[in-house]
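Chemist: One structure is given below, represented as structure tokens, and several questions about it will come after.
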Amino acid sequence: MRFMTMVKSAEGMKFGPPPMALFEAIGKLGADASKAGVFVEMGGLLPSDAGARVTLRNDTINVIDGPFTEAKEVIGGYAVYEVTSKAEAIEWSKRFLELHRRHWPGWEGEVELRQIMGQGEMPPAR
Amino acid sequence: MPAADNIQRTIDAVWRIESPKLIGALARMVRDVGLAEELAQDALLAALETWPAQGVPENPGAWLLTTARRRAIDRLRRRPLLDRSHAEIGRSMDEEREAAVEALESAIDDDIGDDLLRLMFVACHPLLSAEARTALTLRLVAGLTTAEIARAFLTPEPTIAQRIVRAKRTLADARVPFEVPRGAERAERLASVLEVIYLVFNEGYSATAGSDWMRPQLCEEALRLGRILAGLAPAEPEVHGLVALMEIQASRAKARTGPGGEPVLLLDQNRARWDQILIRRGLAALAKAESLGGAGGFYALQAAIAACHARARTAGETDWPRIVALYDRLFALAPSPVVAVNRAVAVGMAEGPEAGLAAVDALRGEPALGGYHLLPGVRGDMLARLGRYAEAAVEFERAAGLTRNARERTLLSDRAARSRAQAGDSVALNR
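Going down the list, the protein sequences come from chains D and F. Following the numbering used here, the numbering of the first sequence begins with 1 at its first residue and continues without gaps. Following the numbering used here, the numbering of the second sequence begins with 127 at its first residue and continues without gaps.
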């Protein structure tokens, strides 16, 4: 089963700059996931002022350039894991947030996990 | 979801992530994989008892290891003293025991990677049969339960349980050292590990869609083991070769069966259903193998052939001459009739059905191919392409008679019928 996990938090300098130690720790977590054979992909996203939104509303397609200041939280990065249960993906996401707690005190945010379609049935619980 | 359910799933997930490393570390400390697994299970039980109330610890892996070590020391200390009349022996047993306790207490958390690698190598020891190696690897390294392994191999659970018990005992009795062997022995043992992983993959790959969910899961387990091994032994080209082969084969999983569950041949598959992420990873692993000088390896060559297909956006764009060259090398390395037949097919595609037929006919004397149903099937295909329909029909019938797979038999019988029809048409036209 493949899961997309997305970390979200308030943008801007609300929490100050992310410490170098956090990046290193995230890199190490990726390596751990790789060694455990569950890592598919991970990436950090550039701030929303470099991004855009393409919308379809009222039968019209529009392009809006960032930043998206009205959003309270934006996606900062993602990781895709290939695991055998949602609980496993949750466990990896918990460890990811644990790194934030340890290396970036004061930071608040969340990870949303969603299973990617078409990657196999959920096996019956053990 | 009720809280109790939640904590159970969390513990399951933690176990899956931590158990192989845990068993590896313990095996190094107590030098016995059977005991190591028991101790790991003890720690799991302790977790099941305390975590629901106290919450999951911040570093669950470390908690489990510490708990397991503590229990191991307790066990050793509580072991009843031997027969007093053998006081001398008793004393040295005592010393041995204290030494073991000390080893446990002072054992550092060594490079976890090494422990896991050692575990994989020990589980694939040549003293064990191929089946025993497979069962033990799936148990200790992949963390599958006995029930799951049994289901995967369509074998009764008690058989698998016995197999694992006996395997552990064999290793213990032979006092197999918990280490990665050196030199020539290492190369052999690595080959054994790769063989086990590929065996597991093929068990899963050969199952058709719609059957027991455990079967595709086997492909995933094998892939996971392969990727873990690639992380632990990154300088070994054949490990990357095997991973490449599995990733690329797995990429075709969803295109391999039709709507009715019937098998779809590679050249007929809808390539839009090939998983590009897996292909990308497979090609990267192959490049890694080649950069390490392993382009001529057994798995790397097979992966390179699979990569030729993966790179072609349509069947028509396949680089057949390259595939022929790769089969030439594979045959030189591991001459088998199966490889020879596959090569003949590639020759037929690269140089036309005449050349393909010649290549197939060169194999006709091969005794090993006597019962190989694909040989007449391939010959029939060449003949049909040459317009020799009557002969083609005969070959397809022969092939249908040789296969034990019902679906394949139907496919081949159908082709025989169509060839006969076409033969009839030609006769009519030529009148």
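Glycine included, C-beta positions come from ideal geometry on N, C-alpha and C.
1) Which term fits Asp401(F), buried or exposed, when burial requires 16 or more other beta carbons within 10 angstroms of its beta carbon?
2) Against chain F, which members of the stretch 36-56 of chain D pass a CB distance test of less than 9 angstroms?
3) Let me see if you follow: with CB-CB separation under 8 angstroms, is Ala139(F) close to chain D or not?
4) Cα separation between Val465(F) and Phe457(F)?
5) Please decide whether Ile449(F) counts as near chain D, where near means a Cβ-Cβ distance under 8 angstroms.
6) For Ala335(F), count neighbouring C-beta atoms within 10 Å of its own C-beta (all shown protein chains included) and say buried if the count is 16 or more, exposed if not.
7) Using the rule of at least 16 other Cβ atoms within 10 Å of the residue's Cβ for burial, across every protein chain shown, is Ile64(D) buried or exposed?
8) In whole angstroms, give me the CA-to-CA distance for Ile133(F) and Pro284(F).
9) Is there a Cβ of chain F sitting closer than 8 angstroms to that of Ala21(D), yes or no?
10) Could you tell me whether the Cβ of Ser145(F) comes closer than 8 angstroms to any Cβ of chain D?
11) Quick one: which chain F residues come within Cβ less than 8 angstroms of Glu112(D)?
12) Going straight from the alpha carbon of Leu97(D) to that of Lys147(F), what length do you get?
13) List the whole-angstrom C-beta distance separating Ala426(F) from Glu480(F), where the pair is believed to meet the contact cut-off of C-beta under 8 angstroms.
14) Evaluate contact between the stretch 54-69 of chain D and the stretch 89-105 of chain D, counting only Cβ atoms and requiring at least three cross-stretch pairs below 8 angstroms.
15) Answer yes or no: do Glu373(F) and Arg397(F) have a C-beta to C-beta separation smaller than 8 angstroms?
16) Give me the chain D residues within the contact set of Glu184(F), using Cβ-Cβ distance strictly less than 7 angstroms, ordered along the chain.
17) So with CB distances below 9 angstroms, who are the chain D contacts of Thr136(F)?
18) What does Ile64(D) pair with, by DSSP beta-bridge criteria?
19) Using C-beta distances below 6 angstroms, list every residue in its chain close to Phe15(D), excluding the 5 sequence neighbours before and after it, in chain order.
20) What residues from chain D crowd round Gly357(F), counting only those whose CB sits closer than 9 angstroms?
21) In the DSSP assignment, find the unbroken beta strand (DSSP E) run with Lys8(D) in it and report its ends.
22) For Arg210(F), which of helix, strand or coil comes out of DSSP?
23) Below 8 angstroms between beta carbons: does that hold for Phe3(D) and Ile116(D)?
24) Quick one: is Thr69(D) near chain F, going by C-beta distance under 8 angstroms?
25) Whose Cβ in chain F lies nearer than 8 angstroms to the Cβ of Thr84(D)?
26) Bridge partners for Ile75(D) per DSSP, in chain order?
27) What did DSSP end up calling Val83(D) once you bin it into helix, strand or coil?
Modeler: So, to answer that:
1) buried
2) Listed by position, the residues of the stretch 36-56 of chain D near chain F (Cβ gap below 9 angstroms) are Ala36, Gly37, Val38, Phe39, Val40, Glu41.
3) yes
4) One C-alpha to the other measures close to 6 angstroms.
5) no
6) Residue confidence is low: Ala335(F) scores 42 on pLDDT, short of 50, so the model does not pin down where it sits. No coordinate-derived value is stated.
7) By the neighbour-count rule (16 or more Cβ atoms within 10 Å), Ile64(D) is not buried but exposed.
8) 29 angstroms
9) no
10) no
11) Result: empty, since nearest Cβ-Cβ is about 17 angstroms, beyond 8 angstroms.
12) 22 angstroms
13) At roughly 31 angstroms, the Cβ-Cβ gap does not stay under 8 angstroms, so Ala426(F) and Glu480(F) are not in contact.
14) No, because fewer than three Cβ pairs between the stretch 54-69 of chain D and the stretch 89-105 of chain D fall closer than 8 angstroms, the two stretches do not touch.
15) no
16) Glu98
17) Ala87, Ile90, Glu91, Lys94
18) Arg53(D)
19) Gly106, Trp107
20) Ala31, Ser34, Lys35, Ala36, Gly37
21) Bounds of the beta strand (DSSP E) holding Lys8(D) are 2-9.
22) Any reading at Arg210(F) must be qualified, since the residue scores a pLDDT of 42, below 50, and its modelled position is unreliable; the value itself is stated next. In this structure, Arg210(F) counts as helix in the three-state DSSP scheme.
23) Remark: C-beta atoms of Phe3(D) and Ile116(D) approach each other more closely than 8 angstroms.
24) no
25) Arg142, Gln343, Glu346
26) Lys8(D)
27) Three-state result, Val83(D): coil.
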